[in-house]
Structures are given as structure tokens and as C-alpha cells.
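Peer 1:
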Amino acid sequence: MPPTAGEPRASDKLRPPSLGLLLAEARGIFEFNTSLLLAPLLMRAPRGDGHPVLALPGFLASDLSLAPLRRYLSELGYDAHAWQMGRNTGGVSRMRSGLRDRLASIHATTGRKVSIVGWSLGGVYARDLALQAPEMVRGVVTLASPFAGDVRATNATRLYEAMSGQTVEEDSELRRAIAGDLPVPATSIYSRADGIVNWRTCLLRSSDTAENIEVHLASHTGIGVNAAALWAIADRLAQPEGQFSPFDRSGPFAMAYALPENAQSVY
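For what it's worth, my numbering labels the leading residue of the sequence shown as 444, then goes sequentially.
Here's what the structure looks like:
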């Protein structure tokens with residue numbers, strides 16, 4: 444029987460990024476410093492309409508990791524929210540209830556649908572939230588999130604399983620759903636130079652409301668503060684509610700993005 448979308452065949456097994464790419468993750472600090480230098484340019488991104496945005500941190504990270512992103516989005520006119528759940532120690536299934544409660548609280552307080560931006564594991568949570576409560580979610584943007592295909596192809600798998608007490612294969616039905624099409628607009632931002640997760644696990648199935656955006660040379664640890672990634676996030680969040688159009692790569696960071704056809708789907 445052929446595998447369902449999101450469930451890899453034996454021949455599709457992927458390898459984690461190389462040791463060289465893993466060691467090169469230290470460049471994340473330079474991505475952050477570059478964004479600080481380019482702050483005036485980044486503020487030329489499309490302005491927000493005040494709708495709420497929930498930012499979900501990656502594995503072992505806390506709200507502090509996404510403070511620069513939340514500040515940037517707030518300055519652009521969004522109502523940026525932290526997840527307020529401490530350090531992310533993993534466990535997709537066990538985090539579902541708390542995440543949904545947090546989403547529902549923001550939705551009830553603001554009276555508006557919530558955009559969700561998730562970094563790495565936070566993006567996996569974001570996609571799951573969109574499946575659970577599409578009536579509360581405006582759209583999803585993931586950053587270097589391994590949700591598709593052979594999700595064991597990361598350099599953090601063993602640590603994730605040790606910290607969360609769950610294997611990545613647990614609840615395969617949920618994992619396949621997260622890897623599939625979402626009922627809301629979705630964007631996956633990733634880099635082939637990622638030293639933590641195999642970039643192929645970040646690819647969603649492109650459609651009229653879903654797309655992949657490849658950022659050249661971005662690191663896994665720095666993509667959430669990478670200037671080109673920040674511009675792309677702001678651009679995607681600025682789309683009117685209920686509308687979706689492909690990302691325009693002709694902006695000030697045009698050279699940082701790969702052409703759409705360079706991203707090959709894992710399906």
C-alpha cells in the first residue's frame with residue numbers, strides 16, 4: 444500500500460543536515476545583527492491592520508527568542524502576542540489543549556481571527572492549531588518547521604524525544620494531518636542551508652492558498668531574526684483577511700529569495 448501524504452516511503456528516508464551545516468549555525472548572531480542594521484529598511488514593509496498575531500517559539504526556546512519578531516510586528520501595526528507557556532520542551536499531542544486555550548483567549552479578547560507565526564517546532568504547533576480551530580485562525584506562517592515527509596531528518600530528534608517523552612512517530616494520523624493541506628492560508632519559509640532540520644521536511648504542498656518561500660543562506664537558529672525572512676513574514680501577514688496572493692520576490696530583499704520553482708515538493 445503506498446504511503447499517505449506526509450508518511451515517507453522507505454526510499455524517501457532523508458538524512459539530517461551535515462556536520463558542516465550544523466557548525467555553521469553559529470552565524471545566527473550575524474543574521475540578528477544584520478537585521479538591526481537594516482531596521483530602517485525593514486520598516487518599509489507593508490503595514491499591519493491591527494489584527495492579532497500569535498508567535499510560537501521553537502524547541503527548547505521561550506518567548507524571549509521571538510521578542511525581536513514581536514517587537515517588529517508591533518511597530519508595523521500588529522497586535523503581537525507571546526505564547527506565555529514557558530520553555531518549549533516539545534510534545535505535539537500534550538501541548539494541544541494549552542495552545543488551543545491560548546488561541547481562544549486571544550480570539551475572544553480581540554474579537555478577530557489570529558495569524559500564527561511558528562518557528563521550527565512552533566510552526567508544527569501552528570499548523571495543528573489551524574486544523575483544530577480554523578474559525579479562529581486567519582493564516583499560518585512557519586519558519587524552518589519540519590512537518591512534512593521524514594520528520595526524523597533533524598539533528599534534534601533524539602533530544603526532542605528525550606525531553607518530550609514522545610517519539611516523532613507517535614500519533615501518525617495527527618502527523619499526517621499536520622503535513623497535509625490546511626483550511627487557512629499557509630506559508631512555509633525555509634532555507635537549504637538549515638543546519639538543524641532537512642529543508643525538505645519544511646515543504647508544504649503549494650496551492651492557491653499555500654506557498655513555500657526559500658531564503659538563501661539563512662540558518663535555523665537565525666531565520667526568525669533574518670532580515671529577508673522578517674520582510675516575508677510582514678508581507679504575508681499584510682494580506683487582507685480571506686485573500687491570498689503569491690509572495691512578490693521583487694522587493695528590497697529580492698536577491699535573498701530563491702525562485703518558486705526551486706522548491707520541489709516532498710509529495
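Backbone N, C-alpha and C define an ideal beta-carbon position, used for all residues, glycine too. A quick note: this is a predicted structure, and the numbers were derived from the prediction, not measured.
(1) Mark Asp691 as exposed unless 16 or more other C-beta atoms lie within 10 angstroms of its C-beta, in which case mark it buried.
(2) Using DSSP with H/G/I as helix, E/B as strand and the rest coil, what is Ser708?
(3) Quick check on the DSSP output: the alpha helix (DSSP H) that includes Arg581 runs from which residue to which?
(4) Determine the DSSP secondary structure at Asn531, reduced to helix, strand or coil.
(5) Assuming Arg458 and Asn641 are in contact, meaning their beta carbons sit under 8 Å apart, how far apart are those beta carbons, in whole angstroms?
(6) Please name the residue in Val557, Leu617, Gln686 whose C-alpha comes closest to that of Asp651.
(7) Do you know how far the Cα of Phe590 is from the Cα of Leu617?
(8) Tell me, to the nearest whole angstrom, how far the beta carbon of Arg545 is from that of Met528; I am working on the premise that it is less than 8 Å.
(9) Identify whether Trp562 lies in helix, strand or coil by the three-state DSSP scheme.
(10) Among Ile656, Thr552, Ser631, Ala701, which one has its Cα closest to the Cα of Ser588?
(11) If you check the beta carbons only, do Ile559 and Leu572 fall under 7 Å apart?
(12) Quick one: what does DSSP say Tyr603 is sitting in, helix, strand or coil?
(13) Give the DSSP bridge partners of Tyr633, in chain order.
(14) Could you say which of Ala672, Ala629, Ala482, Arg539 lies nearest to Tyr700 if we only look at CA atoms?
(15) Let me know the secondary structure DSSP gives Thr477 once reduced to three states.
(16) Entirely within the stretch 660-687 and at least 4 residues each: give me those alpha helix (DSSP H) ranges in chain order.
(17) Are the stretch 482-496 and the stretch 521-538 touching by the rule of at least three beta carbon pairs closer than 8 Å?
(18) Identify whether His494 lies in helix, strand or coil by the three-state DSSP scheme.
(19) Do you know whose CA, among Gly534, Val583, Val611, Thr597, lies nearest Asp637's CA?
(20) Specify, as a first and last residue, the run of the alpha helix (DSSP H) that Ala622 falls within.
(21) For Ser461, I'd like the list of residues in its chain whose CB is within less than 7 Å of its CB, leaving aside the five on either flank, ordered along the chain.
(22) Can you pull the DSSP bridge partners for Tyr521?
(23) Using a beta-carbon distance below 7 Å, is Trp526 in contact with chain C?
(24) If you measure between the beta carbons of Leu602 and Gly667, is that distance less than 7 Å?
(25) What number of angstroms, rounded off, separates the C-alpha of Arg452 from the C-alpha of Trp562?
(26) So the candidates are Glu684, Glu613, Ser693, His663; which of them puts its Cα closest to the Cα of Pro628?
(27) Residue range of the alpha helix (DSSP H) that Leu462 falls in?
Peer 2: A quick look at the data gives this:
(1) Exposed, since its Cβ has fewer than 16 Cβ neighbours within 10 Å.
(2) Residue placement at Ser708 is flagged as unreliable, the pLDDT there being 43, under the threshold of 50; the coordinate-derived value follows with that caveat. The three-state secondary structure of Ser708, taken from DSSP, is coil.
(3) Run containing Arg581: none in the alpha helix (DSSP H); it sits in the beta strand (DSSP E), 580-586.
(4) Looking at Asn531 - three-state DSSP - the assignment turns out to be coil, as it is neither helix nor strand.
(5) Between Arg458 and Asn641, the beta carbon gap of about 7 Å places them in contact (Cβ cut-off 8 Å).
(6) Proximity to Asp651 across Val557, Leu617, Gln686 peaks at Gln686, based on C-alpha coordinates.
(7) The straight-line gap from Cα to Cα measures roughly 11 Å.
(8) About 7 Å; that satisfies the 8 Å criterion.
(9) Strand.
(10) Minimum Cα distance to Ser588 is reached at Ser631.
(11) The beta carbons of Ile559 and Leu572 sit closer together than 7 Å.
(12) Helix at Tyr603.
(13) Beta-bridge pairing links Tyr633 to Glu657.
(14) When each option's Cα is compared against that of Tyr700, the closest is Ala672.
(15) It is helical.
(16) 670-680, all fully within the stretch 660-687.
(17) Cβ pair count under 8 Å is three or more, so yes.
(18) Here His494 sits in coil by DSSP.
(19) Its Cα nearest to that of Asp637, the residue Thr597 stands out among Gly534, Val583, Val611, Thr597.
(20) Segment 615-622, the alpha helix (DSSP H) holding Ala622.
(21) Counting only Cβ-Cβ distances below 7 Å, and skipping sequence neighbours, we find nothing.
(22) Tyr521 is not bridged by DSSP to any residue.
(23) Reference to chain C is not applicable here, since this structure consists of a single protein chain.
(24) The Cβ atoms of Leu602 and Gly667 lie no closer than 7 Å to each other.
(25) Its pLDDT being 48, under 50, Arg452 is placed unreliably in this model, and the value from its coordinates should be taken loosely. Rounded to the nearest angstrom, the two C-alpha atoms are 27 Å apart.
(26) Selected option, being the one with the closest Cα: Glu684.
(27) DSSP places Leu462 in the uninterrupted alpha helix (DSSP H) bounded by 462-466.
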